[in-house]
Amino acid sequence: MNLTCPVPINEAQRIVAVRSYEILDSEPELEFDALARVASQTFSAPIAVVAMMDSNRLWFKSKIGLEIPELDRKIAFCAHTIIDPSEPLVVNDLQYDNRFAQNPLVANAPHLRFYAGAPLVDSNGMALGTVAVIDAQPRKFSDVQLRTLVDFSTLVMTALQGRKRAIELKHFALTDYLTGIANRAQFDLANSAEMSHFIRTGFVYSILCMDLNGFKSVNDNYGHGAGDLVLCEVARRLNLQVRGGDLLARLGGDEFAVVARNCDYKAAQALAQRFIEALHQPIVISSIISVQVGISCGIRTVTPGDNSAAALLERADEALYKAKNQTI
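Using the working numbering, read the sequence shown as starting at 530 and increasing by one per residue.
What follows is the structure in structure tokens.
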């Protein structure tokens, strides 16, 4: 069976828009479940979904009357709905519509007959997915019901926008404004989480505290703008060296730190050496100015009996102080 799956002309941009909401494969959330449930009740429909259209699947953020988490896009009725974001799609009897008569969801069990879906459209006109109601019996949809379904799509988009804004605010709260890496707040959360994981499982982790050498002279000689450029370049180079799962953070000023997960002391030493080597090359500030900064590193790895993330960080900071004095 060769089913035709229409694709919007702005598909590439649409997918980017969908991914920007960071909602695909997320856990169930009360507001979306409530909207799907009320939609089912409002339209007396056995099936109601809030769905996001991914590149090759229709993923259900919330669903009533369905057990499956997603559907192949090729057989998803909603693939047709998102083609025209300006209006809903209503099919009173799927069995007598050439687009859907041979669809396995219609021709075979569960033998679906009715579909009504309204696109979920963002502020740029991108159709992210749909809110839809479905029935195994053919039905007629009144103009009032059609308007109500559109209202449901507006409510779902409002919930999506609120969720996205909350994620953005959380990201800003946990990100260093200058370098774009994690800030002290996110570092503390990661350190505490790893200490809890160590207490439960015994898997070790390490803290690396770092401080730049020669940074003060950059500010003194070239100004704080130049210093900011140096900090951003240092963060970029260090970030290239961290392992998957590690967290690099700027704690403040020219102080950086890493939560190195599943990392013993020997592995942490190797990581510190990579950081040192990453700053061997001068940092270019302008066409005629380049500067050289180094980095000192203090390492502490959890040991049996440790139970305080703050104490581990303090010990790593003490190790940094000793390393700094040796450099000087």
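C-beta: ideal position from N, C-alpha, C; glycine also.
For residue i, the nearest candidate out of the options (CA to CA)
i: Lys693; options: Glu843, Tyr550, Arg543; result: Tyr550
i: Leu758; options: Thr708, Cys826, Leu769; result: Thr708
i: Ala577; options: Asn748, Asn742, Thr687, Val662; result: Val662
i: Arg676; options: Leu689, Pro648, Asn653, Gly654; result: Pro648
i: Phe785; options: Ala797, Gln821, Asp740, Ile818; result: Asp740
i: Asp626; options: Pro639, Ile612, Phe606, Ile611; result: Phe606
i: Val567; options: Arg766, Ala852, Leu634, Val660; result: Val660
i: Glu723; options: Leu564, Glu558, Leu767, Ala838; result: Ala838
i: Pro667; options: Gly756, Met686, Asp705, Phe643; result: Phe643
i: Asp601; options: His809, Arg586, Leu689; result: Arg586
i: Ala608; options: Gly691, Gly754, Arg543, Lys699; result: Arg543
i: Ser816; options: Asp554, Cys534, Ala755, Ala840; result: Ala755
i: Gly731; options: Arg790, Val685, Ala799, Leu780; result: Arg790
i: Arg765; options: Ile710, Leu564, Pro598; result: Ile710
i: Cys792; options: Asp622, Ser555, Leu769, His726; result: His726
i: Ser555; options: Met581, His640, Asp680, Leu634; result: Met581
i: Asp680; options: Thr571, Gln802, Gly654, Asp783; result: Thr571
i: Thr832; options: His640, Gln624, Asp672, Tyr734; result: Tyr734
i: Ser652; options: Val635, Thr683, Gln821; result: Thr683
i: Gln821; options: Ser746, His640, Leu780, Leu769; result: Ser746
i: Asn836; options: Ser721, Leu780, Leu769, Ala852; result: Ser721
Expected contact under 8 Å - CB spacing of residue i and residue j to nearest Å
i: Phe716; j: Leu657; result: That belief does not hold up - the Cβ atoms of Phe716 and Leu657 are roughly 33 Å apart, past 8 Å.
i: Val771; j: Val787; result: 6 Å
i: Gly827; j: Ala848; result: 3 Å
i: Ile736; j: Leu842; result: 6 Å
i: Ile604; j: Pro537; result: About 18 Å separates the two Cβ atoms, so there is no contact after all.
i: Lys592; j: Ile552; result: Rounded, the Cβ-Cβ distance is 14 Å, inconsistent with contact.
i: Leu698; j: Ala714; result: Incorrect: roughly 13 Å between the Cβ atoms, too far for contact.
i: Ser825; j: Asn748; result: Rounded, the Cβ-Cβ distance is 18 Å, inconsistent with contact.
i: Glu560; j: Ala719; result: Not really, about 29 Å apart at Cβ, beyond 8 Å.
i: Ile805; j: Tyr751; result: Contact flag wrong, Cβ pair sits at about 23 Å.
i: Leu678; j: Pro617; result: 6 Å
Bridge-paired residues (DSSP) for residue i
i: Asp664; result: Phe643
i: Met582; result: Leu587
i: Phe701; result: None; Phe701 has no bridge partner.
i: Thr659; result: Ala580, Pro648
i: Glu599; result: Trp588
i: Leu776; result: Val788
i: Thr696; result: The question names Thr, but residue 696 in the sequence shown is Ile. Looking at the DSSP assignment, Ile696 forms no beta bridge with any residue, so it has no partner.
i: Ile593; result: Ala577
Nearest-angstrom Cα separation, counted from residue j out to residue i
i: Arg548; j: Pro614; result: 18 Å
i: Gly834; j: Ala778; result: 26 Å
i: Tyr794; j: Thr830; result: 6 Å
i: Ala845; j: Cys738; result: 6 Å
i: Ala638; j: Ala665; result: 10 Å
i: Pro811; j: Ser819; result: 6 Å
i: Val619; j: Gly646; result: 6 Å
i: Glu540; j: Val579; result: 20 Å
i: Val545; j: Gln690; result: 15 Å
i: Asp705; j: Ile696; result: 16 Å
i: Met686; j: Leu767; result: 39 Å
i: Leu808; j: Ser584; result: 41 Å
i: Gly594; j: Pro575; result: 6 Å
i: Gln631; j: Asn621; result: 16 Å
i: Pro535; j: Phe744; result: 57 Å
i: Leu760; j: Ala840; result: 27 Å
i: Glu558; j: Val650; result: 20 Å
i: Lys669; j: Gly773; result: 54 Å
i: Asn854; j: Gln798; result: 18 Å
i: Gln674; j: Ser569; result: 12 Å
i: Ser573; j: Glu599; result: 23 Å
i: Ile597; j: Gln802; result: 49 Å
i: His700; j: Gly782; result: 20 Å
i: Gln624; j: Ser671; result: 20 Å
i: Asp562; j: Leu800; result: 45 Å
i: Tyr850; j: His753; result: 24 Å
i: Ala636; j: Phe629; result: 9 Å
i: Pro633; j: Met655; result: 28 Å
i: Ala796; j: Trp588; result: 40 Å
i: Ala852; j: Leu780; result: 18 Å
i: Asn712; j: Thr533; result: 49 Å
Below-9 Å beta-carbon distance, residue i vs any chain B residue
i: Ile544; result: Considering every chain present, this structure includes no chain B. It has just one protein chain.
Residue i: CB within 8 Å of a non-hydrogen atom of the ligand ZN
i: Asn621; result: Inclusion of the ligand ZN in the displayed structure is not the case, the ligand content being empty and no account of it being possible.
Whole runs of the beta strand (DSSP E) within the region 706–764, excluding any shorter than 3 residues: 735–742
Scan the region 602–643 and note each continuous beta strand (DSSP E) run of 3 residues or more that stays entirely inside, going in chain order. 618–620
Run through the region 802–843 for me and flag every whole beta strand (DSSP E) of 3 or more residues, listed as ranges in chain order. 823–830
Would you list, in sequence order, the uninterrupted beta strand (DSSP E) runs of no fewer than 3 residues that lie entirely inside the region 779–803? 784–789
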